[in-house]
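Q: Quick one: the structure is below, questions incoming.
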Amino acid sequence: MVQSRYKAYFANVDSSVALKLIYDDGDLHIHGLDSKGILVVELHFRDVLLTRISPEGVRLRLLTELGEKSGLVLIDEQSKLIGWVLEEGLRTRDMSQAKHFLVFLGEEIVDVVSLSDPEIVNGS
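Under my numbering, the first residue of the sequence shown is numbered 5, with each subsequent residue one higher.
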């Protein structure tokens, strides 16, 4: 049996939640809002090196690989994206603490490469 490269970091929330991102100088806040615009969950990442947003339809291979595995936040333990960030920065940054998180909110998937773990805040 092949072990999944993806590990759950935080449990799932309702898939009808809308996504809102706020980014400033390496600080990323991801808000999950219900249909009335009320905050359901907030993720706060510090030391962000890369953020990428994709609709689910662009990530079909990922969704197939995940199968039944779910979660609001997963960690890719075999990320090629971390190596890409290292190479793009001409190997000038210490990436030993970098992690690749995948955030699933609404119909979007947000990839975050960060040097620290996110803080998770429930809105209600």
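Each residue gets a CB set at the ideal place from its N, CA and C atoms; glycine is no exception.
1) Determine the direct distance from the alpha carbon of residue 99 to that of residue 84, and round the result to whole angstroms.
2) Is residue 76 helix, strand or coil by DSSP?
3) Count the other C-beta atoms from every protein chain shown that fall within 10 angstroms of the C-beta of residue 122, then say buried if there are 16 or more, exposed otherwise.
4) Residue 93 to residue 101, Cα distance in whole Å?
5) Given this structure, state the Cα-to-Cα distance separating residue 48 from residue 126, to the nearest angstrom.
6) Using C-beta distances below 7 Å, list every residue in its chain close to residue 35, excluding the 5 sequence neighbours before and after it, in chain order.
7) Rounded to whole angstroms, what is the Cα-Cα separation between residue 59 and residue 113?
8) Quick check: what's the CA-CA separation for residue 4 versus residue 117?
9) Which residues does DSSP pair with residue 36 in a beta bridge?
10) Evaluate residue 40 with the Cβ neighbour count: other Cβ atoms within 10 Å of its Cβ, from every protein chain shown; 16 or more gives buried, anything less gives exposed.
11) Between which residues of its own chain and residue 86 is the CB-CB distance below 7 Å, once the five residues before and five after are set aside?
A: With the structure as the only source:
1) 13 Å
2) coil
3) buried
4) 16 Å
5) Spanning the two alpha carbons is a distance of roughly 11 Å.
6) 24, 43 and 46
7) 6 Å
8) In this structure the chain extends from 5 to 128, so residue 4 is not present and cannot be described.
9) 23 and 45
10) exposed
11) Excluding positions up to five away in sequence, the list reads 99, 102, 104 and 117.
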